[in-house]
Ligand code: ADP
Ligand code: ZN
């Protein structure tokens with residue numbers, strides 16, 4: 004352990020047995036390597052691991068987190084400074100460990116790792132947000148006596164005392180109920196008949212479920228019961244265990260989670276339930292709240308600061324014992340954790356895309372090991388890594404006993420390109436849906452009207468001035484938009500190069516499909532769901548409920564339409580350009596395509612009306628599409644794992660990606676070569692270094708990537724960290740930004 008202190012020498016009044024706090028400073032400086040020792044004076048006795056301190060640091064005062072309390076320091080006592088004060092409520096020792104673990108594991112800094120563990124709102128001045136309190140009053144024994152024995156009381160005084168016989172009440176409530184003002188209360192306090200105290204008031208997250216009656220658990224199906232029983236054994240064992248709950252959409256996975264949560268609560272332990280982005284899964288959250296009531300705390304970004312603070316403190320104090328939320332819920336300050344659920348474990352939102360680039364599914368495994376907790380990952384489309392590694396329990400069929408809908412693949416290679424993006428057979432199926440007054444979902448995973456704008460005369464193509472991508476036509480706003488950096492321009496009518504006015508908009512996005520469908524299928528309403536229409540709070544829910552309430556309608560949108568809802572009247576799901584995701588140069592493209600097609604197929608035929616699925620594609624024989632059409636997850640996964648083994652990709656190796664960026668192209672190229680050389684020296688023969696890959700430009704900066712394939716993630720992260728640190732020391736690369744992504748998505 005490195006110790007040291009850059010603080011001024013001080014003399015100490017207190018010379019008893021020394022106590023030392025090892026403190027990790029919360030700073031953005033990457034080069035700083037803590038922790039640093041501070042001596043604990045008597046006035047701060049009781050400092051614990053997890054406390055947030057204000058500390059002198061050189062000439063400044065900054066915040067730090069106590070990561071260890073020790074009896075001695077390697078430095079002489081007179082070199083140690085004292086913390087200034089303790090701030091707020093701090094975090095738990097387990098989360099301190101977790102924060103430093105994340106820093107190590109994902110090539111980040113302890114400061115960034117620890118910051119995620121602190122109470123919401125902890126900033127430069129400590130906890131910016133505080134508990135909200137309210138003055139309330141309660142009756143004293145003397146007050147109760149006074150009511151009975153004819154003591155002289157004014158009418159208002161009597162009314163207040165009578166009211167308080169039912170229990171304590173807030174000032175406002177007393178004013179409304181007994182018509183008494185503060186002077187009446189003051190006199191009652193002086194006479195010793197009531198007591199006033201501060202009570203904290205919970206800022207309750209608004210949720211659809213609040214107020215609705217607790218919903219009773221249904222009798223579990225046989226498959227559900229078998230799954231629950233097997234996993235209960237693991238809970239009884241009290242040791243870390245991990246299961247994949249593989250169940251098709253509608254197989255009743257959520258009921259299994261609920262039964263397991265109830266089981267761990269019965270045993271006096273606590274639970275975390277992670278769901279993909281909360282905006283997309285309001286139904287999941289409200290089901291937990293409806294069943295478990297106030298024992299559930301939710302943590303997500305749509306809460307106000309005050310609500311988030313209160314929910315966090317409820318978890319910390321133990322008044323809430325279940326945390327439901329997106330990936331950050333894995334940092335819930337719960338003690339005695341007995342269960343972690345990762346719902347829709349294939350979802351890419353579990354990976355954080357900014358430093359620290361942690362994967363909440365791996366963090367979950369770590370917490371389950373540390374706590375001896377059960378980890379359950381549920382999905383209809385498991386990741387190959389999970390399938391290969393984790394013990395499975397399966398829910399093979401839908402709870403309602405309905406079969407999976409038949410899937411028809413339409414080979415678009417054979418269709419007339421002038422026919423437009425929607426095949427005649429698809430259109431005919433949609434017309435039938437209209438005739439029967441039912442509903443359909445159409446997915447095209449690209450927003451905007453058309454992905455390309457070209458000049459017919461000279462071939463000029465509109466690209467983003469800041470990024471190496473094309474600009475997307477957005478007809479609604481009359482703009483060309485870069486989906487990378489959001490740069491936009493007025494939609495051109497004339498070519499800037501040759502002056503030509505015949506411009507072609509090629510390809511299709513959600514806006515174009517919406518228009519085409521509305522033209523062909525009027526008067527059936529066409530409702531669009533994508534990032535442009537669902538922007539703003541509640542936007543997503545509003546659109547889904549409009550679709551829900553319509554008698555007969557089409558929902559068209561990006562992959563948002565494939566997630567987190569369940570409409571019985573949907574009898575047709577359509578996927579256009581299903582291989583679009585396959586064209587990404589990424590080894591996960593197959594996995595992603597399979598998952599998207601399967602998830603969307605699962606949205607059709609959830610009611611008695613039955614349903615069907617149409618998949619339009621240029622790659623009808625791609626395994627990801629064929630196997631999805633056959634509802635054959637095991638078949639897909641076995642094949643995919645074989646392919647990964649041949650290519651030595653995860654789960655048979657780990658990937659670490661280093662990205663360098665700067666405004667100056669030459670500087671990036673030089674930095675990439677330097678890092679590649681530094682890393683190359685540290686790697687073993689089993690590791691391989693791929694790249695530097697070709698330069699690309701995004702947000703007006705040049706970027707270059709280096710990819711490392713390794714069998715030993717920990718050791719290689721250390722090599723990368725050293726390389727990156729030493730690059731940072733070289734003046735020539737001062738303006739080059741470096742980011743490291745361990746197990747990138
Ligand atoms: P999944 O999460 O696997 O997609 P859900 O848990 O959402 O499936 O279940 C699908 C539907 O079936 C829900 O409406 C749920 O309330 C209902 N359900 C689940 N289990 C049962 C059961 N044992 N008996 C009756 N209905 C059930
Ligand atoms: Zn751009």
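In the working numbering, the protein residues as written are 4 to 748. Note that the Cβ used here is the ideal one computed from N, Cα and C, for glycine as well.
query                                                                                                                : result
Anticipated Cβ contact below 8 Å, residue 70 with residue 22, distance rounded                                       : The Cβ separation is near 14 Å, so there is no contact.
Nearest residue (CA-CA) to residue 402, options 250, 340 and 473                                                     : 250
For residue 236 and residue 685, the rounded distance between their alpha carbons                                    : 45 Å
Residue 468 Cβ short of 8 Å to the ligand ZN heavy atom set                                                          : yes
Any non-hydrogen atom of the ligand ADP closer than 8 Å to residue 266 Cβ                                            : no
Euclidean distance between Cα positions of residue 426 and residue 418                                               : 7 Å
Same chain, Cβ closer than 6 Å to residue 166, five either side skipped, listed in chain order                       : 180 and 181
Own chain residues within Cβ distance below 8 Å of residue 730, not counting five before or after                    : 674, 677, 678, 681, 736, 739 and 741
For residue 218, three-class secondary structure by DSSP                                                             : coil
Which listed residue (587, 604 and 276) has its alpha carbon closest to that of residue 577                          : 604
Length of the line joining the Cα atoms of residue 572 and residue 554                                               : 9 Å
Cβ-based neighbour list, residue 498, same chain, cut-off 8 Å, excluding 5 preceding and 5 following                 : 458, 460, 461, 463, 504 and 506
Same chain only: Cβ atoms within 7 Å of residue 224, ignoring 5 sequence neighbours per side                         : 255 and 402
Unbroken stretches of the alpha helix (DSSP H), 4 residues or longer, contained in the stretch 250-283               : 256-269
Inter-residue spacing [alpha-carbon to alpha-carbon] between residue 139 and residue 326                             : 29 Å
The stretch 692-699 touching the stretch 71-87, judged by at least three CB pairs closer than 8 Å                    : no
In DSSP terms, what residue 657 is bridged to                                                                        : 713
Other residues of its chain near residue 389: CB distance less than 7 Å, five sequence neighbours each side excluded : 247, 348 and 380
Close Cβ partners of residue 319 (< 6 Å) along its chain, the five nearest in sequence each way excluded             : 336
Rounded C-alpha distance that separates residue 552 from residue 545                                                 : 11 Å
Whole-Å CB distance - residue 164 paired with residue 149, under 8 Å assumed                                         : 7 Å
7 Å Cβ shell around residue 125 - same chain, five flanking residues per side excluded                               : 55 and 91
Residues near residue 428 by beta carbon distance below 7 Å, same chain, minus five either side                      : 413
Terminal residues of the alpha helix (DSSP H) in which residue 523 lies                                              : 513-524
Own chain, CB closer than 6 Å to residue 360, minus 5 neighbours either side, in chain order                         : 109 and 744
One or two residues paired with residue 203 in a DSSP bridge                                                         : 136
Distance, residue 726 Cα to residue 261 Cα                                                                           : 46 Å
Bridge partners - residue 492, DSSP secondary structure assignment                                                   : 483
Environment of residue 587 [buried if 16+ CB atoms lie within 10 Å]                                                  : exposed
Rounded Cβ spacing between residue 408 and residue 608 (contact assumed at less than 8 Å)                            : 4 Å
Any non-hydrogen atom of the ligand PLP closer than 8 Å to residue 629 Cβ                                            : Ligands in the displayed structure: the ligand ADP and the ligand ZN; the ligand PLP is not one of them.
Unbroken beta strand (DSSP E) run spanning residue 699, endpoints                                                    : 699-701
CA nearest to the CA of residue 534, picked from 637, 204, 41 and 451                                                : 451
Proximity of residue 258 and residue 292 at Cβ, strictly below 9 Å                                                   : no
Endpoints, beta strand (DSSP E) assigned at residue 23                                                               : 23-28
Buried/exposed call for residue 209, threshold 16 Cβ in 10 Å                                                         : exposed
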